[in-house]
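All letters in the sequence shown, in the order written, are residues 38 to 318 by our numbering.
Taking it in order: structure first as structure tokens, then the write-up.
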Amino acid sequence: MTHPVPPELNPKSDLETAQSSSPTLWYLQYWPAILVGLLLSMGIIGLSAEQVPAFAIWLPPVLAVVLLLVAIITAPRVKKPQETPWDKREREAALLAPKVPQAEVSETTTPAADAEATIVEAAPAPKAAPAAIVAGDVDVLVLWGSETGTAQGLAEMTENKLKDAGKTARAVSMGSVKLEQLPGFNKVLILTSTWGDGEPPANAIDLWEACQKQKVDMSKTGFSVLSLGDTAYPEFCKCGKDFDAFLEKMGAQRIYPRVDCDLNYEANFDKWLSGVQQALG
């Protein structure tokens, strides 16, 4: 199965070079070359030992050992770049995204009695607000928590696949629902990424805070969770794990086990979606 680039997988800024390792620790990249240079200096000084003080012979190896120790001690302290691989994918996709032409501007003139020219701009058509989600309208509520658009794109693919299978499904941002609404849905699927140090995406913060403060009876609701993350970070897929644990604690019935996805999420997403479709029947 091929996966098109999700709609918002093409926004952010170029942080990769700006947030690279600190300039004050430049020697961490070049200390092997510096070490070799010091050792060569020691050899050269050793060949002319009669013309230099005795302590100069030992100065290069001592400096080399000190540099090595400093590198070993400080390397783990270098702060990890803030740009995640999801950001990198989006930035690269943004470069390939077609540019939307600006609205054309036409200049018209009034009749001869009025010599002033006026500028007429084409007014953009207003966007219709999405209809409020109602429990009785859908078989499956697909909730997405996304900072950059990846989880949203997968949620919309999930909605389309379920519709193709004859289900009434709707993909909705977590920011568009209230916790007290969830028990009214027969099936709830959650697709969410994890941001920062295990934090929920921006559009999922309100819902997650409500989960920490309120209790709801979800014993009549079936659910499954797909979480997106990066194993390079300690809190891998924490947001998805948190929602999974909360729903289970509230009595919801897990229709398919949670699947945690690393950067190459395609295979795991296909596996999860196939399992969910089979569980839904």
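The beta carbon of each residue, even a glycine, is placed where N, CA and C say it ideally should be.
Since the model is a prediction, treat every value here as computed from it, not as a measurement.
Let me know if residue i comes out buried or exposed under the rule of 16 or more other beta-carbons within 10 Å of its beta-carbon.
{"i": "V102", "result": "exposed"}
{"i": "T205", "result": "exposed"}
{"i": "A188", "result": "buried"}
{"i": "K224", "result": "buried"}
{"i": "L219", "result": "buried"}
{"i": "P237", "result": "buried"}
{"i": "D307", "result": "exposed"}
{"i": "V99", "result": "exposed"}
{"i": "T268", "result": "exposed"}
{"i": "S362", "result": "Any answer about residue 362 is impossible in this case: the structure gives the chain only from 38 up to 318."}
{"i": "C284", "result": "A quick correction: the sequence has Leu, not Cys, at residue 284. So L284 counts as buried."}
{"i": "D174", "result": "exposed"}
{"i": "A241", "result": "buried"}
Hey, could you find the ends of the beta strand (DSSP E) residue i is sitting in?
{"i": "A208", "result": "206-210"}
{"i": "I227", "result": "224-230"}
{"i": "L265", "result": "259-265"}
{"i": "G182", "result": "177-182"}
{"i": "V214", "result": "Segment: none, V214 is in no beta strand (DSSP E) and carries neither H nor E."}
{"i": "D297", "result": "296-298"}
What distance in whole Å lies between the Cβ atoms of residue j and residue i, which are believed to be in contact at a cut-off of 8 Å?
{"i": "V313", "j": "S256", "result": "That pair is no contact at about 20 Å."}
{"i": "G235", "j": "E196", "result": "Between E196 and G235 the Cβ distance is about 27 Å, and since that is not below 8 Å, they are no contact."}
{"i": "G277", "j": "T231", "result": "7 Å"}
{"i": "T229", "j": "G182", "result": "3 Å"}
{"i": "K198", "j": "L310", "result": "6 Å"}
For residue i, is the beta carbon positioned less than 7 Å from some heavy atom of the ligand SAM?
{"i": "W232", "result": "Of ligands this structure carries none, so the ligand SAM is not represented either."}
Skipping 5 residues on each side, what residues in its chain have a beta carbon closer than 8 Å to that of residue i?
{"i": "Q290", "result": "S256, T258, G259, F260"}
{"i": "G318", "result": "none"}
What first and last residue would you give for the alpha helix (DSSP H) that runs through residue i?
{"i": "G186", "result": "That residue, G186, is in no alpha helix (DSSP H); it is neither H nor E in DSSP."}
{"i": "K286", "result": "275-286"}
{"i": "S311", "result": "303-317"}
{"i": "D243", "result": "242-250"}
Whose C-beta lies closer than 7 Å to the C-beta of residue i among residues of the same chain, with five residues either side of it excluded?
{"i": "L216", "result": "L244, A247, C248, Q251, V253"}
Skipping 5 residues on each side, what residues in its chain have a beta carbon closer than 6 Å to that of residue i?
{"i": "I227", "result": "L180, V262, F280"}
{"i": "K275", "result": "T231, G235"}
Original post:
Would you say the stretch 296-313 touches the stretch 236-256, given that touching needs at least three Cβ pairs under 8 Å?
Top reply: no
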